[in-house]
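> Pasting a structure below so you can have a look.
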Amino acid sequence: MDECTSEDSHQQQQLYFVPHRWWKDAHDSMSGTDSDNTKKKKKGVLYACYPNSSFYAAPLKFITSFFSSDLVFNLRREEDSLHGRENGEAGVSGRDLVLVSGDMWLQALKWHSDSKIALKDDKGFSATNSAMGDVYPLQLRLSVQKEANSFGVRISKKDNAVELFKRACKMFSVNSEMLRIWDFSGQITLFFVHDKNQVPVDCQSQSDQEILLELQVYGLSDSMRCREWKKDEMTSFSGSASLKINGSAGSMNSNFMYANSLTFSLGPGEAGSLGLAGLQNLGNTCFMNSALQCLAHTPKLVDYFLEDYGREINHDNPLGMNGEIALAFGDLLRKLWAPGASPVAPKAFKSKLARFAPQFSGFNQHDSQELLAFLLDGLHEDLNRVKCKPYIEAKDGDGRPDEEVADEYWHNHLTRNDSIIVDVCQGQYKSTLLCPVCRKISATFDPFMYLSLPLPSTTMRSMTLTVISGSSNGMTQLLPYTVSIPKHGRFEDLTRALSIACSLEADETLLVAEVYNNLIIRFLEDPADSLSLIRDADRLVAYRFLKDTGDAPLVIFIHQRMEEQYIYGKWTTNGKAFGIPVVARLCNILNGSDLHNLYQKWFKPFQISIEEALEDGVVSEKTVEVAEMEGVTTSSLGPNANGSDTYSDGGMEFYLTDEKGTVKNSKILMNEPLTINGELRLLHVLVCWSEKQIKKYDTQRFSSLPEIFRSECFAKRPQESVSLYKCLEAFLQEEPLGPEDMWYCPGCKEHRQASKKLDLWRLPEILVIHLKRFQYSRYMKNKLETYVDFPVDNLDLSAYITLGNDKSYRYRLYAISNHYGSMGGGHYTAFVHHGGDRWYDFDDSRVNPISKEKIKSSAAYVLFYLREVLT
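So the sequence shown is numbered by our numbering: it starts at 1 and just counts up by one.
Below you can see the structure in the form of structure tokens.
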């Protein structure tokens with residue numbers, strides 16, 4: 001902008017808007033060593049902001065065409081200017097701005113900069129391009145009124161990108177007396193000089209003069225930098241300031257030189273841009289530093305705490321901390337965003353934290369997510385705009401539409417909770433509980449501050465079972481199946497997954513039993529039983545039956561091999577259980593022979609055949625021995641001619657027994673009818689095998705069962721990988737509550753292990769996602785090193801939101817809290833996005849650039865996303 005002191009001389013200057021407090025600190029310090037003449041030059045002129053109605057009552061013809069959709073306000077010169085206001089009155093609102101020239105800005109920046117990065121030689125002091133990254137070009141259109149010492153200001157949407165326009169509205173759209181601009185540059189007085197001869201010709205002749213002023217706005221939140229600029233727009237805006245006066249009678253163009261030579265001289269690892277100050281480690285406080293850096297780069301929070309947030313502190317909230325946590329956090333955030341700040345020691349904040357949250361006192365390592373949860377809740381209560389919370393009783397849905405019930409819940413929540421944290425960070429989800437007995441459904445709509453997503457490996461459990469299926473033609477199959485089911489699921493979840501895995505037909509059913517020491521010790525029949533009752537070392541068998549035989553009694557065959565032993569000078573015969581018990585339905589079983597045949601069909605596939613052995617070219621000693629046996633090719637189990645069976649002559653004997661197979665109540669003969677008590681639905685039969693019969697069958701094939709889960713303790717498994725969407729799906733998947741989280745069902749009037757289903761209903765502007773890497777139990781602690789593949793530029797949640805509206809469900813990552821190491825120790829850092837493709841690694845006091853490709857790792861613990869703006 002030219003000062004217009006003469007036709008031939010123009011003082012080229014860049015203009016900057018900076019916070020008044022920041023400027024005043026540097027100004028007061030530098031004024032102590034300046035001469036009186038220099039001090040006089042640094043006096044400024046005050047302009048106050050007023051509503052547009054008072055000024056634009058004048059009939060300016062371009063208002064209706066240009067100002068109808070843009071922000072319009074009036075700046076009027078205050079006659080008492082800076083004189084008489086230097087004793088602390090200026091800047092008290094926290095919204096006052098200062099308009100300074102480029103060299104004045106540079107001097108103030110130098111004063112604020114750390115001595116490590118400030119050169120001794122004034123001429124050598126410079127700032128890098130990264131420092132210029134904190135300067136935001138903004139175009140204002142001024143309407144000059146020559147007969148008054150005031151002018152109107154318009155911020156055009158055409159000349160400013162979406163986010164810059166919003167930034168301008170946030171800066172200038174205030175109540176009339178709240179905003180003041182102090183002109184230390186001497187440039188605004190161009191329009192209001194008392195000597196009319198010095199006013200540009202166009203300004204004298206045109207009352208509807210439009211002046212395009214491009215300003216550099218410095219010292220604001222970096223996170224609001226416009227991302228939608230095109231490349232050519234970035235080139236035309238970067239590092240320049242210009243004034244263009246356009247009028248029908250003539251025009252004046254004065255462009256100012258670029259500030260490309262303005263560079264900080266930095267040492268290795270030093271940061272020379274706003275918001276790139278580290279936090280000193282006070283002793284195992286890396287967890288706190290990591291969480292604080294992520295919050296200190298959260299867009300709306302930065303803008304909020306850099307302004308005058310003190311007026312919203314709620315000192316009367318019994319749930320708050322008298323505003324002390326908010327004040328401590330705000331003070332720390334301002335230090336982190338001060339120009340040229342060196343690493344900050346967060347001692348004051350740590351002291352306040354220990355006072356109100358004793359769990360974080362001392363110098364032990366803690367969890368960054370737990371600190372984050374406490375801090376967000378504490379900031380909310382300290383800044384809650386609701387001074388007196390009303391009592392509101394939640395109402396049941398009573399069949400009303402979900403939209404109506406959800407809006408009612410959200411309204412009730414906002415009636416008691418209203419703060420910047422609620423505005424930015426809180427969303428709403430629907431929680432549905434279903435009773436497994438009476439099928440009672442209860443739905444609530446609760447707010448959330450962050451989403452704690454489980455990793456699929458922590459929510460699902462792998463279980464291996466053996467499915468035994470038999471058919472009428474004797475084709476018995478024993479096949480192992482491994483299924484994945486909810487970790488806290490119920491038995492019905494297991495049977496459902498197993499039915500799918502083994503391709504169960506519609507007319508079939510499964511009967512699952514636990515086998516121990518070759519005996520069935522229990523059947524798993526109650527669908528509501530918790531799977532936590534099944535241990536990894538257990539062995540389960542699922543028997544496959546036709547549904548139309550469901551009314552027939554069950555028979556359980558227990559196998560026992562008879563061995564002769566010489567004890568105390570005589571031969572005795574003892575039985576030893578072996579193999580998997582056989583379970584079958586007693587359909588059309590009339591006598592002992594029918595029972596024998598049923599048993600024979602089950603074992604037919606395991607019979608050793610000489611022909612098959614010879615075809616395969618394998619003849620073992622056992623095969624030769626079997627070939628020499630009489631009747632090997634027959635299908636008889638060994639009944640003799642008299643209709644009796646003896647294992648001594650190669651047959652088998654069948655006895656009624658108990659569930660443990662320890663007694664022989666009565667022998668089952670071939671030709672005698674089988675009498676079953678009508679009330680008896682379960683028949684236990686003990687089958688005694690002779691050594692001769694055992695050699696005819698491959699008993700090893702039905703003698704071993706796999707464990708439910710066998711972990712390879714010493715085998716190094718490859719790193720697991722899962723997408724963030726899979727974690728979200730695991731979070732939203734219906735699953736039973738754990739045995740320790742039983743729900744009191746209002747229908748049953750009892751505690752039940754209900755099913756719980758979550759659905760996302762409203763999404764916040766800032767979405768915080770916590771990955772549940774840490775597992776705790778009574779006996780162990782564990783950290784999951786699963787690599788989570790999370791989107792950086794386009795997290796699309798539109799497929800997971802229940803309530804549809806015109807809001808965007810696309811998010812962009814801007815910060816990550818990382819944890820390296822194992823449980824109980826390790827180290828926390830933070831990755832933060834700083835505009836464009838620039839990312840920085842905040843490792844306590846060290847701040848270094850990091851490539852975008854390296855921000856994804858298995859250390860990612862808490863993810864911070866910003867909602868994209870709809871265009």
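Idealized CB from N, CA, C, for every residue including glycine.
Source: prediction; values computed, not measured.
With DSSP as the reference, identify every bridge partner of A443, one or two as the case may be.
Numbered from 1 along the sequence shown, position 443 holds the residue referred to as residue 443. A443 pairs with T432.
> Looking at the unbroken alpha helix (DSSP H) that takes in H380, where does it start and where does it end?
For the purposes of this step, residue 380 is taken as the residue at position 380 of the sequence shown. For H380, the enclosing alpha helix (DSSP H) covers residues 368 to 382.
> When you compare only the Cα positions, how much space is there between L540 and G661?
Within the sequence shown, residue 540 is the residue found at index 540, counting from 1. Within the sequence shown, residue 661 is the residue found at index 661, counting from 1. In this structure, the CA atom of L540 is about 19 Å from the CA atom of G661.
> Can you tell me where the beta strand (DSSP E) holding F654 begins and where it ends?
One-based indexing of the sequence shown puts residue 654 at position 654. 652 to 656 is the span of the beta strand (DSSP E), which, as asked, contains F654.
> Once you ignore the five residues that flank A497 on each side, which residues in its own chain have a CB closer than 6 Å to its CB?
What you label residue 497 is simply residue 497 of the sequence shown in a count that begins at 1. Same-chain partners within the cutoff: V483, I485.
> Determine the extent of the beta strand (DSSP E) in which T415 is found, giving its start and end residues.
In the sequence shown, the residue the question calls residue 415 occupies position 415. Element bounds for T415: not the beta strand (DSSP E) but the alpha helix (DSSP H), 402 to 416.
> Determine the contact status of L795 and R810, defining contact as a CB-CB distance below 9 Å.
The residue labelled residue 795 in the question sits at position 795 within the sequence shown. The residue labelled residue 810 in the question sits at position 810 within the sequence shown. Yes, Cβ-Cβ distance for L795 and R810 is below 9 Å.
> Expressed to the nearest angstrom, what Euclidean distance is found between the alpha-carbon atoms of L586 and G427?
Working through the sequence shown from its first residue, we reach residue 586 at position 586. Working through the sequence shown from its first residue, we reach residue 427 at position 427. Answer to the nearest angstrom: the Cα atoms are 59 Å apart.
> Assuming R385 and E324 make a contact with CB atoms under 8 Å, what is their CB distance in whole Å?
As a position in the sequence shown, residue 385 is number 385, starting the count at 1. As a position in the sequence shown, residue 324 is number 324, starting the count at 1. At roughly 18 Å, the Cβ-Cβ gap does not stay under 8 Å, so R385 and E324 are not in contact.
> To which residues of the same chain is R838 closer than 6 Å at the C-beta, ignoring the five residues directly before and after it?
Position 838 of the sequence shown, counting from 1, holds the residue named residue 838. No residues qualify anywhere along the chain.
> Per DSSP, which residues does T509 bridge with? Please list them.
Locating residue 509 in the sequence shown gives position 509, counting from the first residue. DSSP lists F545 as partners of T509.
> Can you name the start and end residues of the beta strand (DSSP E) that G330 belongs to?
By 1-based counting over the sequence shown, the position of residue 330 is 330. In the DSSP assignment, G330 falls outside any beta strand (DSSP E) and within the unbroken alpha helix (DSSP H) covering 324 to 336.
> Does K110 pass the burial test, meaning 16 or more other C-beta atoms within 10 Å, or should it be called exposed?
Taking the first residue of the sequence shown as 1, we reach residue 110 at position 110. With 16 or more Cβ atoms within 10 Å of its Cβ, K110 is classed as buried.
> In angstroms with no decimal places, state the Cα-to-Cα distance between I534 and Y391.
On the sequence shown, residue 534 is found 534 positions in, with the first residue counted as 1. On the sequence shown, residue 391 is found 391 positions in, with the first residue counted as 1. Those two C-alpha atoms are separated by around 45 Å.
> Buried or exposed, going by whether 16 or more other CB atoms sit within 10 Å of the CB of Y16?
Taking the sequence shown and counting its residues from 1, the one referred to as residue 16 is at position 16. By the neighbour-count rule (16 or more Cβ atoms within 10 Å), Y16 is buried.
> Under a Cβ-count criterion, where at least 16 other Cβ atoms within 10 Å of its own Cβ denotes burial, should E404 be classed as buried or exposed?
The residue you call residue 404 lines up with position 404 of the sequence shown. Under this definition E404 is an exposed residue.
> Which of helix, strand or coil does DSSP assign to K166?
As a position in the sequence shown, residue 166 is number 166, starting the count at 1. Looking at K166 - three-state DSSP - the assignment turns out to be helix.
> Taking 9 Å as the threshold (C-beta atoms), are V45 and R76 in contact?
To locate residue 76, count along the sequence shown from 1; it is residue 76. To locate residue 45, count along the sequence shown from 1; it is residue 45. Here R76 is not near V45, since their CB atoms are 9 Å or more apart.
> Using the Cα positions of K347 and Q359, report the straight-line distance between them to the nearest angstrom.
Here residue 347 is taken as the residue at index 347 of the sequence shown, counted from 1. Here residue 359 is taken as the residue at index 359 of the sequence shown, counted from 1. The alpha-carbon atoms of K347 and Q359 are separated by roughly 17 Å.
> Which partner residues does K576 have in the DSSP bridge list?
Here residue 576 refers to the residue found at position 576 when the sequence shown is read from its first residue. Its beta-bridge partners are R561.
> Assign S462 to buried or exposed, taking buried as 16 or more other Cβ atoms, counted over all protein chains shown, within 10 Å of its Cβ.
Mapped onto the sequence shown, residue 462 falls at position 462. Exposed, since its Cβ has fewer than 16 Cβ neighbours within 10 Å.
> Among residues of its own chain, excluding the 5 on either side of L478, which ones have a beta-carbon nearer than 8 Å to its beta-carbon?
Within the sequence shown, the letter at position 478 stands for residue 478. Only T466, V467, I468, I580, R701, F702 meet the Cβ criterion.
> Can we say the segment 821 to 831 touches the segment 681 to 694, given the rule of at least three CB pairs closer than 8 Å?
no
> When the distance is taken between beta carbons, is V832 closer than 9 Å to Q293?
Locating residue 293 in the sequence shown gives position 293, where the first residue counts as 1. Locating residue 832 in the sequence shown gives position 832, where the first residue counts as 1. Result yes, Cβ atoms of Q293 and V832 sit closer than 9 Å.
> Is F491 closer than 9 Å to L531 when the C-beta atoms are compared?
Looking up residue 531 in the sequence shown gives position 531. Looking up residue 491 in the sequence shown gives position 491. Cβ distance < 9 Å, so L531 and F491 count as in contact.
> Report the residue ranges of all alpha helix (DSSP H) runs contained in full by the segment 685 to 752; include only those spanning at least 4 residues, in chain order.
691 to 694, 724 to 732
> Under DSSP, the beta strand (DSSP E) around M463 begins and ends at which residues?
On the sequence shown, position 463 is the one that residue 463 refers to. It spans 460 to 469 - the beta strand (DSSP E) in which M463 sits, taken as one unbroken run.
> Compute the Euclidean distance between the alpha carbons of V685 and H559, then round it to the nearest angstrom.
Taking the first residue of the sequence shown as 1, we reach residue 685 at position 685. Taking the first residue of the sequence shown as 1, we reach residue 559 at position 559. Looking at the two C-alpha atoms, the distance is approximately 9 Å.
> How big is the Cα-Cα spacing for D183 and L99?
Here residue 183 is taken as the residue at index 183 of the sequence shown, counted from 1. Here residue 99 is taken as the residue at index 99 of the sequence shown, counted from 1. Looking at the two C-alpha atoms, the distance is approximately 5 Å.
> In the DSSP output, which residue or residues are listed as bridge partners for S530?
Taking the first residue of the sequence shown as 1, we reach residue 530 at position 530. Bridge partners of S530: R490.
> Alpha carbon to alpha carbon, how far is N253 from V162?
On the sequence shown, residue 253 is found 253 positions in, with the first residue counted as 1. On the sequence shown, residue 162 is found 162 positions in, with the first residue counted as 1. Any reading at N253 needs caution, since the residue's pLDDT is 30, under 50, leaving its predicted position unreliable; the model's value is listed next. Rounded to whole angstroms, N253 to V162 spans 27 Å at the Cα level.
> Using a Cβ-Cβ cutoff of less than 7 Å, which residues in the same chain neighbour K231 once the five nearest sequence positions on both sides are dropped?
What you label residue 231 is simply residue 231 of the sequence shown in a count that begins at 1. Note that K231 scores 31 on pLDDT, short of 50, meaning its location in the model is unreliable; the coordinates nonetheless yield the value given after this. Within its own chain, no residue has a Cβ closer than 7 Å to the Cβ of K231 once the five positions on either side in sequence are excluded.
> Take L379 and list the residues in its own chain whose beta-carbon comes closer than 7 Å to its own, dropping the five residues that flank it on each side.
As a first step, residue 379 is located in the sequence shown; it is residue number 379 there, counting from the start. I325, A326, F329, I421, listed in sequence order.
> Here's a check: name, in chain order, each residue in its chain whose Cβ is nearer than 7 Å to the Cβ of D698, leaving out the five neighbours to either side.
Residue mapping note: residue 698 aligns to position 698 of the sequence shown, counting from 1. Taken in chain order, the residues that qualify are F606, I608.
> DSSP three-state label for C502, please.
As a working note, residue 502 is residue 502 in the sequence shown. Coil at C502, not helix or strand.
> Return yes when the Cβ of D402 is within less than 9 Å of the Cβ of F363, no when it is not.
The sequence position of residue 363 within the sequence shown is 363, counting from 1. The sequence position of residue 402 within the sequence shown is 402, counting from 1. Contact flag unset, no.
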